[in-house]
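Input: a single structure, listed below in structure tokens.
Protein chains: 2
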Amino acid sequence: MTVYAGQGDPDRSLALLWGGEEPRTGRSGPKPGLSVDAIVSAGIAVADAEGMSALSMRAVGERLGRTAMALYTYVPGKAELLDLMHDRVLAELPGGLPLSDGWRAAVTAWAEDLYACYLRHPWVLQVSQARPVLGPAELTAMERLLAALQPAALAPERLRGAVAALWQFVRGTAATTADARGAAAATGVADEDWWNARSARLAELAPDFPQRFPLLTALQSAGGGAPEDSGREAFRTGLAVLLDGVASGAGS
Amino acid sequence: MTVYAGQGDPDRSLALLWGGEEPRTGRSGPKPGLSVDAIVSAGIAVADAEGMSALSMRAVGERLGRTAMALYTYVPGKAELLDLMHDRVLAELPGGLPLSDGWRAAVTAWAEDLYACYLRHPWVLQVSQARPVLGPAELTAMERLLAALQPAALAPERLRGAVAALWQFVRGTAATTADARGAAAATGVADEDWWNARSARLAELAPDFPQRFPLLTALQSAGGGAPEDSGREAFRTGLAVLLDGVASGAGS
DNA sequence: CGGCAACTCTTTATGCCGTAAGGTTATCAG
DNA sequence: CTGATAACCTTACGGCATAAAGAGTTGCCG
């Protein structure tokens, strides 16, 4: 019945995300051979191993020794399964933070953790990030970021802005890095070579590139690779810019 | 749901993006009734009107009075078509910038333009942002951002970080806003009501919410809606944080 | 114990999708 | 006119999510 193009029915997903496993007291019928948890794990395993495009209900069922339709006893559909997989991945994030070294170190640690988590499961970055799923792990991660930022004593509005900017930034840079890795893995060409090939092709197709894009050209030659290249570096320096922005509004 | 994973063959996409229309001198065969441009336009029309999930080769062909297979004469496949559509959308961005009011105003204008463009074509946000397509419009947009930032005289490395952070931020906040709008449109519920319903459901499912997430709870009550709500506000204040960060590294 | 309702899981089927393969027809060069 | 070529078509294949219906299993209740 097409809730709306994108993720699963929010109500169903929320219920699955927050509703604990019920203890099954005195119900009839055969014992469940599967569980939501097992299905989510299988889904993550499939996506980790073969990528998002290989994630089908058939594939998940097969990994569990069942048919695709068996999953529908536990999960309303593929979209909701994706929501669950998303939150489960975020649950890998560590709980603690180095709060004693100041908020800047704490936020940096938070960002590094999230970045690493995304890179461990790059397919998550292909799930539409639009609607927040509001699963427990996602909210915990946000709470953790708020805890890291607390010593900065930001005004509420500014705090909201900082949270949004930080989260989107980590997600975006992780996506770029993940794809560079993916391209390298898929083509057998190293990151840098891949970019060089792309760059050469571009120079061939658009000979007036330096005239048309002087600033891009300058930046490219000034730094080394492309502006998109070397994701790690972009992550570090972008985060520094962001944190400077946060600092400039810090209350103490 | 909807994965939209791997993009098209980079070489083919690049060639289509940069290779101008050839004049067709003295070739045999019937005259082409379509063109790459017309197909891209039709694709955008379909996606704008009915969303990404309705974008199929069959639908695009139908809009042009052809079958799906007719498109393959002009375009290698759906993935490459998506690349072309993406760049065409970015070509809507205006060319000028208010450079006389300082770089801060210029970057703000750039960000607002991009934000608005994404919201006009929200389906673009579902195309995997990972690999840069490097189309002319995308590069022009980046060149424009560099022009806006030039008066800030940032060091190359820092400039790269700022560009990445700004772009990802606009994209991310636009995605959140677009989804809130989509949910509102699909369910007939206003933005705020939709969030309230979600929030109420969450409170019902997780009664210990305030204890578990004290900082989130505080932030929520301090500001009004949710941290995700009111995308416009998050965009404005997040951008302010970012620009403060850029300013703190400005050379003049 | 028998009967029934509840439950899991399978089979089958529907209607999409992208696109490979091959046929038909219009248009050109010669 | 002839033959090549290109645009477009029909058909078909293997995939997808999932609706519908049935088979088999289990526990409760009389």
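Chains as they are written, first to last, in full-length UniProt numbering: chain F, 1 to 252; chain Y, 1 to 252. Where is the CB? At the ideal position from N, CA and C, for every residue including glycine.
The continuous alpha helix (DSSP H) containing residue 10 (chain Y) extends over residues 10-18. Here residue 31 (chain Y) is exposed, its C-beta having fewer than 16 other C-beta atoms within 10 Å. With a beta-carbon spacing of about 6 Å, residue 103 (chain F) and residue 149 (chain F) fall inside the 8 Å limit used to define contacts. Distances from the CA of residue 75 (chain Y) to each of Y:99, Y:96 and Y:34 were compared; the closest alpha carbon is that of Y:34. Contact annotation for residue 248 (chain F) against chain Y: 241, 244, 245, 247 and 248 [CB-CB distance below 9 Å, chain order].
When C-alpha distances from residue 98 (chain F) are compared across F:111, F:48 and F:57, the shortest belongs to F:111.
Between the alpha carbons of residue 178 (chain Y) and residue 29 (chain F) lies a gap of roughly 44 Å. The shortest C-alpha to C-alpha distance from residue 144 (chain Y) to any of Y:192, Y:126 and Y:166 is the one to Y:166. By the C-beta criterion, the region 115-128 of chain Y is judged not to be in contact with the region 157-166 of chain Y, since fewer than 3 inter-stretch pairs fall below 8 Å.
Under the DSSP assignment, residue 235 (chain Y) falls in the alpha helix (DSSP H) whose first and last residues are 231-247. Within the region 171-183 of chain F, the residues whose Cβ lies closer than 7 Å to any Cβ of chain Y are, in chain order, 171, 172, 173, 175, 176, 178, 179 and 183. Within the region 140-157 of chain F, 140, 142, 143, 146, 147, 150, 156 and 157 place their CB atoms closer than 8 Å to a CB of chain Y, listed in sequence order. Separation of residue 152 (chain F) and residue 251 (chain F) (C-alpha to C-alpha, rounded to the nearest whole angstrom) is 6 Å. Residues of chain F whose Cβ lies closer than 7 Å to the Cβ of residue 63 (chain Y) do not exist; the shortest such Cβ separation is about 18 Å.
Between residue 83 (chain F) and residue 128 (chain F), the gap from beta carbon to beta carbon reaches 7 Å or more. No Cβ of chain Y is located within less than 7 Å of the beta carbon of residue 84 (chain F). Boundaries of the alpha helix (DSSP H) around residue 57 (chain Y): 57-63.
Residue 61 (chain Y) is a Cβ neighbour of residue 68 (chain Y), given a cutoff of 7 Å. Distance between residue 176 (chain Y) and residue 132 (chain F), taken at the CA atoms: about 8 Å. Scanning chain Y for C-beta atoms nearer than 8 Å to the C-beta of residue 202 (chain F) yields 14, 18 and 134, reported in chain order. Listed by position along chain Y, the residues whose Cβ is nearer than 7 Å to that of residue 237 (chain F) are 157, 158, 160 and 161. Residue 75 (chain Y): not part of any alpha helix (DSSP H); DSSP gives it neither H nor E. Every unbroken stretch of the alpha helix (DSSP H) spanning 4 or more residues and falling wholly within the region 143-223 of chain Y is given here in chain order: 156-187, 191-205, 209-212 and 214-223. If you draw a straight line from the Cα of residue 88 (chain F) to the Cα of residue 41 (chain F), it is about 8 Å long. Counting only the Cα atoms, residue 189 (chain F) lies some 46 Å from residue 215 (chain Y). Using a CB distance below 9 Å, the part of the region 117-128 of chain F facing chain Y consists of 122, 123, 125, 126, 127 and 128, ordered along the chain. Per DSSP, residue 110 (chain F) is one residue of the alpha helix (DSSP H) stretching across 103-120. Taking C-beta atoms as the reference points, residue 138 (chain Y) and residue 202 (chain Y) fail to come closer than 7 Å. For residue 140 (chain F), the secondary structure class from DSSP, reduced to helix, strand or coil, is helix.
Distances from the alpha-carbon of residue 94 (chain F) to those of F:80, F:211, F:86 and F:116 put F:116 closest. Listed along the chain, the chain Y residues whose CB falls inside 7 Å of the CB of residue 94 (chain F) amount to none; the nearest CB is some 17 Å away. Residue 85 (chain F) is not a Cβ neighbour of residue 19 (chain F), given a cutoff of 7 Å.
When secondary structure is reduced to three states using DSSP, residue 28 (chain F) falls in the coil class, being assigned neither helix nor strand. In terms of CA proximity to residue 81 (chain Y), Y:38 leads the group Y:248, Y:38, Y:233 and Y:101.
Burial is judged here by how many other beta carbons sit within 10 angstroms of a residue's own beta carbon; residue 73 (chain F) has fewer than 16 and is exposed. Looking from the CA of residue 157 (chain F), the closest CA among Y:64, Y:174 and Y:235 belongs to Y:235.
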